[in-house]
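If you want our numbering, it's the position in the sequence shown, counting the first as 1, plus 411.
Ideal Cβ positions, reconstructed from N, Cα and C, are used throughout, including at glycine.
Report on the following structure.
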Amino acid sequence: MQVNQEFKPTIVAFCCNWCSYAGADLSGTNRLQYPANVKIIRIPCSCRLNPMFILRAFQRGADGVILCGCHPGDCHYTTGNYYARRRMTLLFSMLDYLGIERERTRVEWVSAAEGAKFAATMNEFVETVTRLGENKRLEDLRCKSE
Numbered sequence: 412m413q414v415n416q417e418f419k420p421t422i423v424a425f426c427c428n429w430c431s432y433a434g435a436d437l438s439g440t441n442r443l444q445y446p447a448n449v450k451i452i453r454i455p456c457s458c459r460l461n462p463m464f465i466l467r468a469f470q471r472g473a474d475g476v477i478l479c480g481c482h483p484g485d486c487h488y489t490t491g492n493y494y495a496r497r498r499m500t501l502l503f504s505m506l507d508y509l510g511i512e513r514e515r516t517r518v519e520w521v522s523a524a525e526g527a528k529f530a531a532t533m534n535e536f537v538e539t540v541t542r543l544g545e546n547k548r549l550e551d552l553r554c555k556s557e
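Written out as structure tokens, the structure reads:
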């Protein structure tokens, strides 16, 4: 018996509470489709995301990680997304050093009124990561359930 083992990437989406998480909620309310393998983690603000959380997500088997926050200038905490943008720029250079493809990590600004943009962003990101294939670079084999 042949089993179809189509690769479905595991995506971790860190969404700020005030804009991006509300945008995800709006996309669900409007019945916009995005893949179920996108796991959303709500954080108070995009600046509260420690870059180690992204490395840990990759270590635990994530194939892609996306950070969604408020548009620059619209942050509930005034300058939080500026700090997040700076941290993510440094993280991207560290991921390059570790040999992880740049396309596996993304930063996107999504407001609470952009449910359609949230769904489109998630669909596009899942397609990109699916083309890249499974992440094996930082994978911890102890975390696999096989």
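By the criterion of at least three beta-carbon pairs nearer than 8 Å, the region 415-433 is in contact with the region 441-454. Take Val476, set aside five residues on each side of it, and the residues of its chain with a beta-carbon closer than 6 Å to its own are Val423, Ile465, Ala468 and Thr516, in chain order.
Annotation for Leu443: no alpha helix (DSSP H) segment contains it, and DSSP assigns it neither H nor E. Out of Val537, Phe536, Ala527 and Ala531, the CA that lies nearest to the CA of Thr440 is found in Ala527. Here DSSP, grouped into helix, strand and coil, assigns Ile465 to helix.
Under the Cβ criterion (8 Å, minimum of three pairs), the region 527-545 does not count as touching the region 488-496. Collapsing the DSSP output to three states places Arg496 in a helix.
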